[in-house]
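Residue numbers (the numbering used here), protein chains in the order written: chain D, 13 to 151; chain S, 4 to 445. These notes are about the structure you will find just below.
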Amino acid sequence: MIQRFPVAGEDFSAAGEASSKIKNILRQVGEDAELIRRVCIAAYEAEMNLVIHAGGGEMILKLDTDMVEVIAQDRGPGIPDVELAMQEGYSTASDLAREMGFGAGMGMANMKRCASEMLIDTEVGKGTTVTLRFKTGKN
Amino acid sequence: MEPRYHSVILDEDKCKGCTNCIKRCPTEAIRVRNGRAFILTERCIDCGECIRICENHAKRAIGDDLDQAISFPYRVALPAPSLYAQFRRELTPKDLNKALIRLGFHEVAEVAAAAELTTVAIREYLKDLDRLPKPMISSACPVVVRLIQMKYPTLIPHLIPVEAPYITAARLAREKVCRERGLRPEEVGLFFLAPCPAKITEVKTDTGQVPLINGVIPISSVYGRLQQAMAHIDEDCSDGGSTTTGVGVGWARTGGENIALAQENVLAVDGIHNVLELLEEIELEHLTDVDYIEALACPNGCVGGALTVENRFVARVKIRKLAEKLDDSRIPDAVVEEGKRLYAAGKLTQKEELRPKAVLQLDNNLADAIRKMGELEEILAELPGMDCGSCGAPTCRSLAEDIVLGRAQRADCVFILREQINTLAQELLLLAKKRPQALKED
Chain D
13 MIQRFPVAGE DFSAAGEASS KIKNILRQVG EDAELIRRVC IAAYEAEMNL VIHAGGGEMI
73 LKLDTDMVEV IAQDRGPGIP DVELAMQEGY STASDLAREM GFGAGMGMAN MKRCASEMLI
133 DTEVGKGTTV TLRFKTGKN
Chain S
4 MEPRYHSVIL DEDKCKGCTN CIKRCPTEAI RVRNGRAFIL TERCIDCGEC IRICENHAKR
64 AIGDDLDQAI SFPYRVALPA PSLYAQFRRE LTPKDLNKAL IRLGFHEVAE VAAAAELTTV
124 AIREYLKDLD RLPKPMISSA CPVVVRLIQM KYPTLIPHLI PVEAPYITAA RLAREKVCRE
184 RGLRPEEVGL FFLAPCPAKI TEVKTDTGQV PLINGVIPIS SVYGRLQQAM AHIDEDCSDG
244 GSTTTGVGVG WARTGGENIA LAQENVLAVD GIHNVLELLE EIELEHLTDV DYIEALACPN
304 GCVGGALTVE NRFVARVKIR KLAEKLDDSR IPDAVVEEGK RLYAAGKLTQ KEELRPKAVL
364 QLDNNLADAI RKMGELEEIL AELPGMDCGS CGAPTCRSLA EDIVLGRAQR ADCVFILREQ
424 INTLAQELLL LAKKRPQALK ED
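And the structure:
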């Protein structure tokens with residue numbers, strides 16, 4: 013099953029809605045609660061990155077019996093130095109985003125912590141695709 | 004799904020089949036079928052939102068009656084702290100105790116006094132804060148506990164395993180009366196005067212041999228007789244025998260539990276929809292800098308319970324004033340010592356571990372559930388997305404869910420039905436225009 017959710021850029025009032033919908037879907041299919049929690053924390057961070065950095069984009073949920081996949085896709089500025097972006101505390105969030113309590117530089121680290129596998133495909137000036145994979149079951 | 008007992012029921016004669024309650028239900032547990040509301044029992048958490056919203060008073064809670072207490076040789080009343088705020092006249096816990104004795108109870112076990120022991124137990128439990136998931140969540144409100152079991156099972160370890168005040172009050176009262184009066188446990192009738200249907204359900208689903216509480220009387224149903232009894236309390240020579248301070252009384256309204264705890268980094272939330280919002284944030288780990296959350300399903304806390312009488316805003320002020328008058332700044336040393344002793348003896352903590360209640364899933368088999376989810380999304384895309392409720396389900400999404408689960412059909416949607424009729428009408432028109440060749444032209 014594939015489901016797509018558009019995410020608007022800089023719209024902080026609607027931010028988190030896509031992850032919330034993803035959570036409801038996972039709950040309804042009866043995925044393990046702990047898995048849902050991890051997916052949602054990571055999906056929320058990915059969604060916030062679309063809102064804060066990318067001028068919006070799309071969240072895609074792919075469901076299979078052995079795997080939950082969340083993809084955050086955008087046509088934003090891209091990430092020049094992925095390794096740096098992965099470091100805890102590093103952030104390029106705007107002052108506005110920081111004032112609102114975002115941009116602590118934990119987003120990418122949180123995604124990595126929660127997902128079984130995290131892939132980043134990015135090109136400066138073209139956009140970024142973050143793929144988060146979560147193995148279902150007890151491993 | 005196993006059938007569950009619920010105190011919230013529908014009065015079929017009064018229900019007009021409107022859609023007010025289905026839209027208000029936080030767990031989407033109500034549908035309209037055959038012109039009447041219908042509760043999906045496994046999803047109901049007895050929050051009482053439907054009782055509050057129904058203008059026809061078709062939803063109510065079944066509780067016990069005062070007269071049922073008479074069959075017990077020794078009768079103990081357990082007044083909820085919110086009861087102090089229900090009367091127009093200013094009253095003290097002593098006044099209320101006297102009125103309860105006049106109604107035929109032998110003794111009063113103040114839930115407010117037990118709330119002070121609960122407070123001490125929570126303080127003791129929170130001393131280990133570093134080893135606890137943050138924030139911890141109060142388990143005083145049974146609706147919040149059930150909501151977490153159903154929708155946020157990962158937050159179960161956040162629920163503080165300290166018994167709610169009315170449970171502690173009942174347990175200690177039965178022990179005390181049996182000890183002091185030499186009675187057998189079954190000779191003592193404990194009756195809780197409750198502000199909400201959730202507590203009725205909680206008591207009724209208790210499966211102990213000697214029930215913890217023998218009956219739950221809604222505040223709204225005993226109100227009139229208490230009012231009458233209150234008129235004569237000045238004739239009584241007893242002093243009412245109250246031990247509660249303002250700390251326990253304060254628990255009746257939102258924020259009272261936190262005031263009692265006297266901890267920093269606490270937060271209070273009330274209203275079931277606000278609680279839902281906050282639980283989402285907690286699950287996303289956004290509130291790890293908060294130590295403790297007082298979460299109450301009813302607006303303004305227990306004084307806003309669906310079985311109370313007084314306006315909840317007025318009641319809230321009354322509770323604050325009474326709590327201040329009785330001193331809500333500190334729990335007496337003797338009570339603190341008693342609380343610590345009982346806590347150490349394990350008498351204030353929950354006996355049973357809470358388990359998740361998985362009632363929201365489409366299928367027990369993951370592969371089938373995913374397939375059904377795909378179908379659900381396809382159906383949802385065809386629906387108008389107006390969430391009008393005319394089909395009897397609260398949202399288009401819940402109708403799609405009902406269709407997938409075989410509980411409803413596409414044509415239940417009035418817009419789809421209209422489209423289908425339109426298509427049919429056009430086909431009819433086309434057919435009507437086809438003139439058999441044998442006929443003459445007009």
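A virtual CB, placed ideally from N, CA and C, is assigned to each residue, including glycine. Please read these numbers as outputs of a predicted model, since none were measured by experiment.
Exercise. Taking the C-alpha atoms as reference points, what is the distance between D/Glu22 and S/Lys154?
Worked result: Position 10 of the first sequence holds residue 22 of chain D. Position 151 of the second sequence holds residue 154 of chain S. D/Glu22 and S/Lys154: Cα-Cα distance of roughly 30 Å.
Exercise. Is S/Glu110 helix, strand or coil by DSSP?
Worked result: One-based indexing of the second sequence puts residue 110 of chain S at position 107. Reduced to three states, the DSSP call for S/Glu110 is strand.
Exercise. What are the residues of the stretch 36–54 of chain D that lie near chain S, defined by any Cβ-Cβ distance shorter than 8 Å?
Worked result: Flagged, chain order: Ile37, Arg39, Gln40, Val41, Gly42, Glu43, Ala45, Glu46, Ile48, Arg49, Cys52, Ile53.
Problem set entry | Per-residue burial, S/Ala240 [other beta carbons within 10 Å of its own, 16 or more giving buried] | As a first step, residue 240 of chain S is located in the second sequence; it is residue number 237 there, counting from the start. Per the sequence presented here, residue 240 of chain S reads as Cys, with Ala not at that position. S/Cys240 is exposed by the Cβ-count criterion.
Problem set entry | D/Met13: first and last residue of the uninterrupted alpha helix (DSSP H) it sits in | By 1-based counting over the first sequence, the position of residue 13 of chain D is 1. In the DSSP assignment, D/Met13 falls outside any alpha helix (DSSP H), carrying neither H nor E.
For this session: For D/Ala84, name the three-state secondary structure that DSSP assigns.
Result: Position 72 of the first sequence, counted from the start, is the residue given in the question as residue 84 of chain D. D/Ala84 carries a strand assignment under DSSP once its states are collapsed to helix, strand and coil.
Exercise. For S/Cys199 versus S/Ala167, is the C-beta spacing smaller than 9 Å?
Worked result: As a working mapping, residue 199 of chain S is identified with position 196 in the second sequence. As a working mapping, residue 167 of chain S is identified with position 164 in the second sequence. In this structure, S/Cys199 lies away from S/Ala167, with their beta-carbon atoms at least 9 Å apart.
Exercise. Does the Cβ of S/Ile424 have 16 or more other Cβ atoms within 10 Å, making it buried, or fewer, making it exposed?
Worked result: Sequence index remark: in the second sequence, residue 424 of chain S carries index 421 (1-based). So S/Ile424 counts as exposed.
Exercise. Just by C-beta distance, which residues in the stretch 382–397 of chain S are closer than 7 Å to chain D?
Worked result: Here the close residues number zero.
For this session: Scan the stretch 63–83 of chain D for residues whose Cβ lies nearer than 8 Å to a Cβ of chain S and list them as they occur along the chain.
Result: Leu75, Asp76, Thr77: these are the residues of the stretch 63–83 of chain D whose beta carbon lies less than 8 Å from some beta carbon of chain S, given in chain order.
Exercise. Of all the beta strand (DSSP E) runs that stay within the bounds of the stretch 69–136 of chain D, which reach a length of 3 or more residues?
Worked result: As far as the stretch 69–136 of chain D is concerned, its whole beta strand (DSSP E) runs of at least 3 residues are 79–86, 129–135.
Exercise. Using the beta-carbon count (16 or more within 10 Å), is D/Pro1 buried or exposed?
Worked result: The requested residue 1 of chain D is not part of the displayed model; chain D covers only 13 to 151.
Problem set entry | Sequence-distant residues of the same chain with beta carbon closer than 7 Å to S/Leu103, five excluded per side | For this step, residue 103 of chain S is matched to residue 100 along the second sequence. For S/Leu103, where only same-chain residues beyond five positions count, the Cβ hits under 7 Å are Ala80, Pro82, Val111.
For this session: Examine the Cβ distances between the stretch 85–94 of chain S and the stretch 27–38 of chain S and report whether three or more of them are shorter than 8 Å.
Result: No: the two stretches stay apart, fewer than three of their Cβ pairs being nearer than 8 Å.
For this session: With 9 Å as the threshold, decide whether the Cβ of S/Lys343 is near any Cβ in chain D.
Result: On the second sequence, position 340 is the one that residue 343 of chain S refers to. For S/Lys343, no CB of chain D lies under 9 Å from its own CB, so it is not counted at the interface with that chain.
Problem set entry | Local Cβ density within 10 Å of S/Leu431, reported as buried at 16 or more and exposed below that | Here residue 431 of chain S refers to the residue found at position 428 of the second sequence. The residue in question, S/Leu431, is exposed, as its Cβ has fewer than 16 Cβ neighbours within 10 Å.
Exercise. Residues of chain S with a CB under 8 Å from the CB of D/Gln15: which are they?
Worked result: As a working note, residue 15 of chain D is residue 3 in the first sequence. Scanning chain S for C-beta atoms nearer than 8 Å to the C-beta of D/Gln15 yields Glu380, reported in chain order.
Exercise. Can the beta-carbon of S/Tyr77 be found less than 9 Å from the beta-carbon of S/Glu178?
Worked result: For the purposes of this step, residue 77 of chain S is taken as the residue at position 74 of the second sequence. For the purposes of this step, residue 178 of chain S is taken as the residue at position 175 of the second sequence. Their beta carbons are not under 9 Å apart, which means S/Tyr77 does not touch S/Glu178 by this criterion.
Problem set entry | Rounded separation between D/Glu81 and D/Leu47 - CA only | Position 69 of the first sequence holds residue 81 of chain D. Position 35 of the first sequence holds residue 47 of chain D. Each residue's Cα considered, the two are about 12 Å apart.
For this session: Consider the Cβ of D/Lys147: report whether some Cβ of chain S lies at a distance smaller than 9 Å.
Result: The residue labelled residue 147 of chain D in the question sits at position 135 within the first sequence. No - not a single Cβ of chain S is within 9 Å of the one on D/Lys147.
Problem set entry | Cβ contact (3+ pairs, closer than 8 Å) linking the stretch 128–144 of chain S and the stretch 283–303 of chain S | These segments touch.
For this session: Reducing DSSP to helix, strand and coil, say where S/Ala167 ends up.
Result: Here residue 167 of chain S corresponds to residue number 164 of the second sequence, with the count starting at 1. S/Ala167: coil per DSSP, three-state reduction.
Problem set entry | Interface flag, S/Ile33 vs chain D, CB-CB below 9 Å | Position 30 of the second sequence, counted from the start, is the residue given in the question as residue 33 of chain S. Among the residues facing chain D, S/Ile33 is not included, as its CB has no counterpart in that chain under 9 Å away.
Exercise. Which residues, in chain order, does the stretch 281–297 of chain S contribute to contact with chain D at a C-beta distance below 8 Å?
Worked result: Cβ contacts with chain D come from Glu283, Glu286, Leu287, Glu288.
For this session: Please decide whether D/Ser32 counts as near chain S, where near means a Cβ-Cβ distance under 9 Å.
Result: Translated into the one-based positions of the first sequence, residue 32 of chain D becomes position 20. For D/Ser32, a Cβ of chain S is located within less than 9 Å of the residue's own Cβ.
Problem set entry | S/Lys139 (DSSP reduced to helix, strand or coil) | Residue 139 of chain S sits at position 136 when you count from the first residue of the second sequence. Per the sequence presented here, residue 139 of chain S reads as Met, with Lys not at that position. Three-state result, S/Met139: strand.
Problem set entry | Sequence-distant residues of the same chain with beta carbon closer than 7 Å to D/Gly119, five excluded per side | The sequence position of residue 119 of chain D within the first sequence is 107, counting from 1. Same-chain partners within the cutoff: Glu57, Met60, Asn61.
Problem set entry | S/Ile151 versus S/Thr171, S/Arg184, S/Arg63, S/Cys50, residue with shortest Cα-Cα distance | In the second sequence, counting from the first residue as 1, residue 151 of chain S sits at position 148. Closest by C-alpha distance to S/Ile151, out of S/Thr171, S/Arg184, S/Arg63, S/Cys50, is S/Cys50.
For this session: Could you tell me the boundaries of the alpha helix (DSSP H) in which D/Arg145 lies?
Result: Within the first sequence, numbered from 1, the residue matching residue 145 of chain D stands at position 133. For D/Arg145, no alpha helix (DSSP H) encloses it; the enclosing beta strand (DSSP E) starts and ends at 139–147.
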